[in-house]
Structures are given as C-alpha cells and as structure tokens.
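Everything in the sequence shown is counted per my numbering, starting at 31 for the first residue and increasing by one. What follows is a single structure, written as structure tokens, with notes after it.
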Amino acid sequence: MGVKDEKGQYNKNFSLYHSVGMSASPDFHFHDYIEIYLSVSGGKQFIINDKIYDIHPADLFIIKNHEIHKATCADNIPYERYFLQFDPEFLLSYCTPKTNLLQFFDDKSNSFGNKIHLSDEQNIHLINLFKKYLNIDASFGKDVLEEIYFIEIILYIAQLCYTNKSLDTNYYSNDYIPIVKQLLDYINLNITEDLSLDHLAKEINVSKSYMCKMFRKYTGTTINKYITARRITEAKRLLKMKEPIATVCEKTGFNNYSHFIRTFTNLVGFSPMKYAKKVREK
C-alpha cells in the first residue's frame with residue numbers, strides 16, 4: 031500500500047512534507063540537499079552511510095548532502111514523519127559572524143552523529159513549527175512568510191544540536207547483527223577496492239548466500255545496490271572538487287569507464303560531465 035496522506039510546501043530552496051502511510055522507505059538514495067527527518071510514529075531502522083539507528087517516536091535525524099540513507103518501517107503499522115529538505119548554500123545569507131547556522135548540518139567529520147531524541151516538549155514545539163509552515167495560505171506575502179518560518183525551524187533545530195550532547199553517540203541499532211555492521215564498515219573503508227560478493231564473503235568469513243540473505247533481511251536491499259549508491263555519492267563529491275571524470279571513475283572503484291558513465295547517469299539523472307558543469311556554475 032502506498033502513501034495514504036501527504037501534505038507539503040515546496041520552494042526552490044527548501045521544502046517540507048508531512049507524510050503518513052504504510053509504504054516502506056525508498057531504496058538507498060542520496061541528494062545534493064540536506065534533509066531533516068522527524069519520526070512521529072517510530073519505525074524499525076535508519077541506515078545512514080555506515081551507521082545503523084533504531085527509529086523511535088520523536089527521533090530527529092540530520093542527513094547531510096551526499097549521505098546515502100534508507101529508513102525501514104514496521105510491518106502493518108502506519109508510518110508518520112515530517113521531512114524538511116534544503117539547499118545548504120541558501121542558509122549562507124542568514125549566517126552571521128556570531129551564528130553559523132550550517133555548522134550542525136554540514137559537519138564533514140566521520141564522527142558526526144545523525145540522531146537526536148527529542149523530549150516531549152521539544153517534539154511538540156518542533157511539530158507546531160512544522161504545522162505553522164505547512165498551513166501558510168496563498169495570501170499576499172506568502173514567499174516572505176515561507177522564509178521566516180523556515181529560518182525559525184532551522185534556528186530551533188540548530189539550538190537543539192547545540193545543547194544536545196548525544197548527537198555524536200548511539201550509532202548502532204539494538205537489532206542489527208554483526209555481519210551487517212562488518213559489511214558496512216568494510217565497504218565504506220574500501221570503496222575503491224574489489225567489492226565483489228565473493229571477496230566480501232571471504233573478508234567477513236561467511237558464505238556468500240548467507241551474507242546476502244542477512245544484508246537484505248536487515249536493510250531491505252541488496253549489497254550491490256548499497257555499494258553502487260555509496261560509490262556514486264563519492265563520485266559526486268569528487269566532481270564537486272573538480273576532479274577529472276576519468277580520475278573520479280578510478281577513485282570510486284568503477285573498473286569500466288562506460289559502466290561508470292551509464293550508472294551515474296541512471297542514478298543522478300544526467301551525465302558526470304553535466305553534473306560537474308552544473309555544480310561548478312553555482
């Protein structure tokens with residue numbers, strides 16, 4: 031069953047949606063914008079790059095641009111969440127010498143945690159901010175109100191990050207099994223190397239069929255889909271750094287240039303050359 035109720039407001043620089051449904055999360059995916067994800071109903075697990083989190087009601091997740099991620103929801107239970115997406119560059123004009131709004135959303139360190147569990151008071155306040163934004167009508171000044179309410183939301187979340195010390199902890203779900211964590215760790219540390227299923231099974235010392243079965247059971251997708259998504263996000267990062275396309279192909283573990291071009295185009299929507307041109311023109 032698909033989403034049964036979704037309400038949203040879209041702006042070219044940011045958007046907010048409230049969604050309730052029975053459907054599972056999309057497969058591992060990634061994007062150029064930052065995503066703020068508030069779980070209302072709770073779920074099963076949220077995998078972000080190599081981190082595995084349990085999902086409880088009032089869990090707030092911060093997903094940096096280019097982090098691959100996938101949420102899974104419990105069977106036969108309505109899945110309710112809010113998700114806010116925004117272009118990090120849009121926030122620059124609202125930063126001041128004393129207040130860098132991006133510092134909590136654009137952390138490049140590997141120790142960056144993605145999850146904060148909100149108190150009842152914090153959760154209610156944030157949901158009320160979301161509702162205020164979603165209920166803006168089409169009257170005069172709508173665009174101005176959108177920006178004001180958006181910044182109010184971002185500022186409140188930044189304040190939560192500033193005061194909440196558990197942001198960098200509690201990475202791993204209580205329900206994960208060591209094989210899945212071993213795979214995520216190994217893949218992320220060796221993204222340029224041979225990551226064939228035979229090689230991975232040998233590295234973690236289990237049969238290939240058991241390894242694939244367990245990974246799919248706990249993530250809802252295949253090992254190869256995860257590897258491909260992870261490699262493409264790294265390719266986008268390198269292209270932003272003005273690396274030559276052939277070098278990017280090599281550094282992301284694609285042994286075949288044509289295969290790299292085809293895979294990148296299918297997942298991103300345009301070729302590496304067009305993507306590089308697009309991000310450099312911004």
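In this text, a Cβ means the ideal position worked out from N, Cα and C, and glycines have one as well. Source: prediction; values computed, not measured.
Taking a contact as a CB-CB distance under 8 Å, the pair residue 187 and residue 179 does not count as one, their CB atoms being some 13 Å apart. In the structure shown, residue 110 adopts extended strand secondary structure according to DSSP, grouped into three states.
The alpha carbon of residue 100 has as its nearest neighbour, out of 269, 83, 110 and 112, the alpha carbon of 83.
According to DSSP, residue 101 shares a beta bridge with 76. For residue 147, there is no enclosing alpha helix (DSSP H); the enclosing beta strand (DSSP E) covers residues 145-147. In this structure, residue 298 keeps its C-beta atom at 8 Å or more from the C-beta atom of residue 253. Note: residue 83 is bridge-paired with 76 in the DSSP secondary-structure output. Secondary structure at residue 294: helix, using DSSP grouped into helix, strand and coil. The C-beta distance from residue 164 to residue 183 rounds to 11 Å, too long to meet the 8 Å contact threshold.
Look at residue 273 here: in three-state DSSP terms it is coil, with no helix or strand label. Residue burial is scored here from C-beta neighbours: residue 78 has at least 16 other C-beta atoms within 10 angstroms and is therefore classed as buried. The beta-carbon distance between residue 95 and residue 57, rounded to whole angstroms, is 18 Å. This is too long to meet the 8 Å contact definition. Around the C-beta of residue 170, fewer than 16 other C-beta atoms lie within 10 Å, and the residue is accordingly described as exposed. Per DSSP, residue 122 lies in no alpha helix (DSSP H) and is assigned neither H nor E. One Cα belongs to residue 280, the other to residue 288, and the distance between them is close to 12 Å.
From the listed residues 233, 259 and 310, the smallest Cα separation to residue 270 is found for 310.
Take residue 268, set aside five residues on each side of it, and the residues of its chain with a beta-carbon closer than 8 Å to its own are 277, 278, 281 and 282, in chain order.
Ranking 88, 122 and 251 by CA distance to the CA of residue 110 puts 88 first.
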